[in-house]
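**Student:** Pasting a structure below so you can have a look.
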Ligand SMILES: Cc1cc2nc3c(=O)[nH]c(=O)nc-3n(C[C@H](O)[C@H](O)[C@H](O)COP(=O)(O)OP(=O)(O)OC[C@H]3O[C@@H](n4cnc5c(N)ncnc54)[C@H](O)[C@@H]3O)c2cc1C
Ligand SMILES: Cc1ncc(C[n+]2csc(CCOP(=O)(O)OP(=O)(O)O)c2C)c(N)n1
Ligand SMILES: [Mg+2]
């Protein structure tokens, strides 16, 4: 009599180990779009060239039932080796990287540099009227930094989306 | 070996005997290799959609994968409906498509289509072979993926240059997959928990589906033993018919939208539901929040994504139906403590009261043939044989076939359930007949559906396949008309079948026999003639155009809110909720 549906929306970070082959990303993205699941962020890169494996990190949200579906559906894809729900499998670390370009002069320029310093962002490039900052950290930290930079002349932004890994000695 | 020869060798090593196909520029090297050998039989269909449905019919009636070969571009796109159908109904099919040469891919070359892109969402998996060194491995993998776990269609896209190039062959044993490991063994603890629930049940019901057929005849045998050991009632989905003998006294018939009153009431009122290889489709559940509200649910399925998808269950068991049933049966028999016999007797008494409603009753007529009557007579004329295979098209006739035919064995009933593809039945029947040349294969059809793949009559006569087509001709897209009557004030927009062909002449034009019955008194003779004719026959049976298919759980309603309309009195049609209107 488990019929009471739990409708609370949860955010989960899921790591997926896949064969690094043509079309695998299209399969994963196609799965999310055709079944109407949310993708909050998705990153992918080769992590094991010898075994030809890539790791995808997806941040998604849904009711607990939907999250279970997403994992089952991912695992059903033939090139998928492993699906790991970092959110439920103990503590994990999640990081994102952004490159932020700010254009301005005078007070605003000084202020941008000062804030970058507080956030431990690095200036990777600077001209007389612009900076490119590199910042990494949690999504919230990046959101906060970017929010401030917007008021200080941010003209361009590039973000990676989250990559995540389990804390401690365990591995995927 | 050339790529084309590697492909054929792989097919032979996979035990393939028949390919359903249609040639074209991109697959000419494969056809040339087919010409030069005699181990594989090629059946030339008349449309690529027909090839896939034929392969589905072949697969469903044999338990082996069906194989399709089509050309690039339009050949591949024509196959898409069939592939989607096979995906929805979990039918193992391997579809080989030609592709333009590797150096032309992406250039909008002649008859190029992004076949892997187009078919990614409608296959279980697909491959584009870009290196002849991968070819043999991919071919074997395709068969492995199509037939293991939850079966489904797998497509291999074959650029023309790859099929011409020399390359290495490896046998199936040499191939190992690193990912994709379907779980077949069920968790013993979970099975124990399930058996415990079953022992304590007062109002249990088995609800079984296509997964029993997918799992093989052994699953059907074990299911039979378990049902008899427990003495529980059982209902089967449209796709599960034949997984348990329809004539057994434990069988409540089909459940769901057009299921029997007793099956749906039992599902609604049960306290323990044992779902096996069934996927809680919306045709089954009706309104979700009113679906079997008081039951503990056990769900056995090989695909974890089928479990807890729309209906939360209490005991999920991932595994192959046969393996789990075997373990369940062993555990059930271990303990002597039987279930609550008193409660079970009461439950059976209740079920018998529901059965007494005789929900499939219809009003007989001596002037016009009732479609139900036509099927009753066809069933009566064929039930003594054990080599009868029935396929259907989609519509009212399909539902009546499901209600009035009783299937006692798996693999003898092929119908398009999940996609509901009109035009499925004729090519599927063709595929079944190719696999079982001496059997009686009947496509129960509607006059609208049959026109969707009528060209396959040509294939049927070419290969002298004695397929019988039994058209319940109501001159309407009956199922559409029924919904328009119930939901749209009887405004029959575009559902009348005007300008129908003369099906008798049409059959003759294709070289088949054509028969017609317009009065109840002609029915038996027509059926007899059809059955006695050694070749293909098309029977045009003129049936009551106004007949509706009951019982019916209207869209958005619950199982215990079904309409029993056909018992002589006209039932007032219920008002369908606004939410129900949006459902299909
Ligand atoms: C006009 C129309 C009306 C319809 N009305 C009804 C109706 O009234 N009643 C009805 O029942 N259907 C009806 N259908 C069909 C319906 O749409 C679904 O296709 C059908 O109910 C699904 O059947 P199933 O649950 O058995 O699942 P299937 O589609 O057969 O799926 C099989 C399930 O078994 C699992 N499985 C596969 N292999 C194994 C294995 N080896 N071991 C264990 N599990 C396995 C799969 O993962 C899957 O979950 C209708 C269709 C049409 C076109
Ligand atoms: C390819 C396709 N197109 C449309 C439909 C929608 N549809 C479902 S049943 C039906 C009518 C079928 O008519 P007929 O074959 O005469 O069968 P009947 O219901 O009259 O028995 C239609 C149009 C479908 N299922 N498949
Ligand atoms: Mg009709």
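Chains as they are written, first to last, in my numbering: chain A, 1 to 172; chain B, 1001 to 1584. Heads up, the beta-carbon is just placed ideally off N, CA and C, and yes, glycines get one too.
1. Can you give me, in chain order, the residues of the region 1145-1173 of chain B that have a beta carbon less than 7 Å from any beta carbon in chain A?
2. Alpha carbon to alpha carbon, how far is residue 1007 of chain B from residue 1035 of chain B?
3. Would you say residue 1474 of chain B touches ligand 2, meaning its beta carbon is less than 8 Å from a heavy atom?
4. What's the call for residue 1534 of chain B, buried or exposed, on a 16-neighbour Cβ count within 10 Å?
5. Within 10 angstroms of the Cβ of residue 156 of chain A, are there 16 or more other Cβ atoms? Answer buried if so, exposed if not.
6. Tell whether a beta-carbon distance below 9 Å holds between residue 23 of chain A and residue 103 of chain A.
7. For residue 65 of chain A, which residues in chain B fall below 7 Å Cβ to Cβ?
8. Any chance the region 1421-1431 of chain B sits against the region 1047-1065 of chain B, with 3 or more Cβ pairs inside 8 Å?
9. Is it the case that the Cβ atoms of residue 37 of chain A and residue 69 of chain A are separated by a distance below 9 Å?
10. Using Cβ-Cβ distances below 9 Å, what residues of the region 120-152 of chain A are close to chain B?
11. If the criterion is Cβ atoms closer than 9 Å, does the pair residue 1208 of chain B and residue 1275 of chain B meet it?
12. Would residue 1303 of chain B pass as an interface residue toward chain A - the criterion being a Cβ-Cβ separation below 9 Å?
13. Using a Cβ-Cβ cutoff of 7 Å, what residues of the region 1080-1112 of chain B are near chain A? List them in chain order.
14. Answer with yes or no whether the minimum CB distance from residue 15 of chain A to chain B is below 9 Å.
15. Spell out whether any CB of chain B is found under 9 Å from the CB atom of residue 12 of chain A.
16. Are the region 1331-1346 of chain B and the region 1300-1314 of chain B in contact at 8 Å, needing three or more beta carbon pairs?
17. What does the alpha-carbon distance come out to for the pair residue 1033 of chain B and residue 1009 of chain B?
18. Between the alpha carbons of residue 89 of chain A and residue 1356 of chain B, how many angstroms are there, rounded?
19. Residues of the region 83-103 of chain A in Cβ contact with chain B at a cutoff of 8 Å, in chain order, please.
20. Quick one: complete beta strand (DSSP E) runs, 3+ long, within the region 1509-1555 of chain B?
21. Determine contact between the region 1538-1551 of chain B and the region 1463-1480 of chain B, defined as no fewer than three beta-carbon pairs at a distance below 8 Å.
22. Within the present structure, is the beta-carbon of residue 1441 of chain B separated from the nearest heavy atom of ligand 2 by less than 8 Å?
23. Check each candidate in B:1290, B:1160 and B:1067 and name the one with the smallest Cα separation from residue 1111 of chain B.
24. Is the closest heavy atom of ligand 3 to the C-beta of residue 1482 of chain B under 8 Å?
25. Would you mind telling me which residues of chain B sit closer than 7 Å to residue 78 of chain A, beta carbon to beta carbon, in chain order?
26. Which first and last residues belong to the beta strand (DSSP E) in which residue 1098 of chain B is found?
27. Can residue 1135 of chain B and residue 1162 of chain B be called in contact, C-beta distance under 9 Å?
28. For residue 1037 of chain B, which residues of its own chain have a beta-carbon under 8 Å away from its beta-carbon, when the five flanking residues on both sides are left out?
29. How should residue 1171 of chain B be labelled, buried or exposed, when 16 other C-beta atoms within 10 angstroms of its C-beta is the threshold for buried?
30. Please list the terminal residues of the continuous beta strand (DSSP E) segment that includes residue 1041 of chain B.
31. Cβ of residue 83 of chain A within 9 Å of Cβ of residue 15 of chain A?
32. Can you tell me whether residue 27 of chain A is buried or exposed? The criterion is at least 16 other CB atoms within 10 Å of its CB, across all chains shown.
33. Could you give the distance in angstroms between the alpha-carbon of residue 1448 of chain B and the alpha-carbon of residue 1332 of chain B?
34. Within 10 angstroms of its Cβ, does residue 4 of chain A collect 16 or more other Cβ (buried), or is it exposed?
35. Out of B:1061, B:1140 and B:1284, which one is the CA nearest neighbour of residue 1414 of chain B?
36. What residues from chain A crowd round residue 1588 of chain B, counting only those whose CB sits closer than 8 Å?
**Tutor:** According to the structure shown:
1. 1145
2. 14 Å
3. yes
4. exposed
5. exposed
6. No. Outside cutoff.
7. 1308 and 1312
8. yes
9. yes
10. none
11. yes
12. yes
13. none
14. Chain B contact via Cβ: absent.
15. no
16. Output reads no: the region 1300-1314 of chain B does not touch the region 1331-1346 of chain B.
17. 10 Å
18. 54 Å
19. none
20. If we require 3 residues or more, the beta strand (DSSP E) runs fully inside the region 1509-1555 of chain B come out as 1513-1517 and 1537-1542.
21. yes
22. Result no, Cβ not under 8 Å from ligand 2.
23. The candidate whose alpha carbon is nearest that of residue 1111 of chain B is B:1160.
24. no
25. Under the 7 Å cutoff, chain B gives 1125, 1145, 1179 and 1180.
26. 1093-1099
27. Yes, they are a contact pair.
28. 1008
29. exposed
30. 1041-1044
31. Yes, Cβ-Cβ distance for residue 83 of chain A and residue 15 of chain A is below 9 Å.
32. buried
33. 49 Å
34. In this prediction, residue 4 of chain A scores a pLDDT of 45, lower than 50, which makes its location untrustworthy; no coordinate-derived value is stated.
35. Scanning B:1061, B:1140 and B:1284 for the CA closest to the CA of residue 1414 of chain B turns up B:1061.
36. Limits of chain B in this structure are 1001 at one end and 1584 at the other, which puts residue 1588 of chain B out of reach.
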